[in-house]
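Residue numbers (UniProt numbering): 1 to 492.
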């Protein structure tokens with residue numbers, strides 16, 4: 001199977017495969033804004049194909065039935081442009097009625113919030129901001145909804161209030177693409193004791209974290225997050241993500257980045273994630289084949305799903321890199337057991353040409369993923385055996401250098417302690433160098449005592465003292481300032 005370059009952001013998926021795509025069954029897994037956003041994204045990716053009009057019609061129906069977003073409804077009807085008949089013409093009466101009702105509702109909610117603020121009742125103020133946030137969310141004003149949900153933070157009095165606030169902020173952040181706020185509020189919710197006791201809440205937070213990590217391209221961390229989602233999540237978070245998405249994202253990221261041991265532990269033998277994989281049989285088969293080293297079957301399954309994944313609002317930008325990583329791992333694991341491997345048979349196994357396989361293997365060797373060399377004339381891949389003699393020699397040198405470094409550090413510490421070059425707290429009383437008690441003059445500034453010299457004399461001695469081998473080693477480790485102090489003590 002050859003890996004072709006993925007289509008650009010505005011490119012449409014193949015029309016034949018789009019016709020086989022069951023759009024209604026797909027979007028039935030979502031509700032509210034998630035359903036609308038995915039439909040409009042599919043319409044954008046399917047311009048000029050029948051799937052575009054079908055997606056726009058379903059989006060118009062959802063906007064009328066589940067939201068009060070008249071502006072977005074008008075935009076969708078304009079995009080349909082009469083292609084779906086009079087049934088999908090602009091419903092001016094509905095728009096006017098919703099606008100009038102929404103304005104009255106907004107005025108009432110804002111006046112109630114003003115009363116709550118004057119009464120200084122925290123719970124009422126929190127509820128008022130929540131109601132306004134829900135109102136603006138229904139109207140499609142995500143920035144205003146986000147602002148009101150954020151304002152409830154100062155009025156949360158229980159852990160459940162904090163969790164609700166964080167989940168509402170997360171929901172808006174996903175739609176706005178504000179993943180910085182998403183990450184912050186996920187961590188805030190996870191630190192709440194009530195959240196840690198609720199597996200459904202923790203699964204929602206894990207999904208949100210997984211989306212953030214997927215967006216950042218941190219596929220291994222995303223795989224671990226999605227693999228930690230419990231099947232109990234069900235469709236309780238369908239305004240953001242469906243359980244099928246969790247299985248797809250976790251499986252793809254896992255195959256691309258996890259080791260075989262991690263794949264077995266986190267994906268294959270994880271009972272909770274296995275339940276999610278049952279919702280997407282083709283992905284389940286692909287993961288099973290990958291783990292069983294049936295790479296041809298695995299890559300064929302993934303290739304048949306590529307057009308569908310290209311219509312996913314969160315996954316489409318990462319398809320090329322994830323697919324390439326899965327293929328690279330398959331090539332690496334296939335070649336690992338062999339000392340010499342016939343590239344003709346390997347090319348047939350991976351459904352590619354000799355030239356294409358040679359380029360792929362050369363790239364993997366250059367990136368140190370495969371330790372081998374290619375015989376281009378004989379079309380044989382030879383494993384590069386490590387030179388155990390050289391490795392042992394390098395390890396011995398490294399151990400000797402570490403021993404010398406540790407010994408020098410111990411000698412330096414002993415010399416510092418011997419020559420009293422330790423800073424002691426003021427007023428510590430007694431002891432050698434450093435400041436003494438409040439009644440004790442500083443060394444070198446008082447009259448000649450038991451040292452019998454003034455500062456000037458000691459400086460002269462310091463200038464006359466010559467560095468010995470021992471002093472030179474200390475000078476190299478401690479610097480000029482330590483050497484000056486050390487030399488003065490020997491001058492004494």
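Cβ atoms here follow ideal geometry from the backbone N, Cα and C, with glycine treated the same way.
Small disclaimer: the values here were computed from a predicted structure and weren't measured.
query: So the alpha helix (DSSP H) residue 201 belongs to, where does it begin and stop?
result: 199-216
field: Span of the beta strand (DSSP E), counted from its first residue to its last, around residue 59
entry: Per DSSP, residue 59 lies in no beta strand (DSSP E); the unbroken alpha helix (DSSP H) holding it starts and ends at 50-66.
message: Need the endpoints of the beta strand (DSSP E) that residue 342 sits in, please.
response: In the DSSP assignment, residue 342 falls within the unbroken beta strand (DSSP E) covering 340-342.
field: Segment contact, 8 Å Cβ cut-off, at least three pairs: the region 198-210 with the region 228-243
entry: At 8 Å Cβ cutoff, the stretches touch.
- prompt: If you run the structure through DSSP and keep just helix, strand and coil, what is residue 142?
  reply: helix
message: Check for me: the beta strand (DSSP E) holding residue 383 runs from which residue to which?
response: Residue range 380-383 is occupied by the beta strand (DSSP E) that includes residue 383.
- prompt: Expressed to the nearest angstrom, what Euclidean distance is found between the alpha-carbon atoms of residue 517 and residue 373?
  reply: The chain is shown from 1 up to 492; residue 517 falls before or after that span and cannot be answered.
field: Whole-angstrom distance between residue 179 and residue 124, CA atom to CA atom
entry: In a straight line, the C-alpha of residue 124 is about 30 Å away from that of residue 179.
- prompt: Okay, do the region 153-160 and the region 110-127 touch, 3+ Cβ pairs below 8 Å being the bar?
  reply: Taking 8 Å as the limit for Cβ pairs, the verdict is that the region 110-127 does touch the region 153-160.
- request: Buried or exposed for residue 417, please, with buried defined as at least 16 other CB atoms from any protein chain shown within 10 angstroms of its CB.
  value: exposed
Contact check, residue 393 vs residue 242, beta carbons under 8 Å: no
task: Put residue 348 into one of helix, strand or coil per three-state DSSP.
output: helix
message: Let me check one thing: in DSSP terms, what residues is residue 374 bridge-paired to?
response: 381
- prompt: Where residue 36 and residue 274 are concerned, what is the direct C-alpha to C-alpha distance, given to the nearest angstrom?
  reply: 29 Å
- prompt: So, is residue 110 buried or exposed, given that buried needs 16 or more other C-beta atoms within 10 angstroms?
  reply: exposed
message: Once the 5 residues before and after residue 122 are set aside, which same chain residues still bring their CB inside 8 Å of it?
response: Within its own chain, the residues whose Cβ lies closer than 8 Å to the Cβ of residue 122, once the five positions on either side in sequence are excluded, are 155, 157, listed in chain order.
message: Only counting the same chain, and skipping five residues up and downstream in sequence, which positions put a Cβ closer than 6 Å to that of residue 181?
response: 173
- prompt: Straight-line CA distance for residue 211 to residue 280?
  reply: Rounded to the nearest angstrom, the two C-alpha atoms are 19 Å apart.
Burial state of residue 234, where buried means 16 or more other Cβ atoms lie within 10 Å: exposed
task: Look up residue 228 in the DSSP assignment and say whether it is helix, strand or coil.
output: coil
query: So is residue 187 buried or exposed if we call it buried at 16+ other beta carbons inside 10 Å?
result: That one is exposed.
query: What do you get for residue 403, buried or exposed, if any count of 16 or more other CB atoms within 10 angstroms of its CB means buried?
result: exposed
message: Between which residues of its own chain and residue 170 is the CB-CB distance below 7 Å, once the five residues before and five after are set aside?
response: The residues are 182, 185, 186, 208.
field: Chain-order list of residues whose beta-carbon lies under 8 Å from that of residue 159 (same chain, five-residue window excluded)
entry: 192, 193, 194, 195
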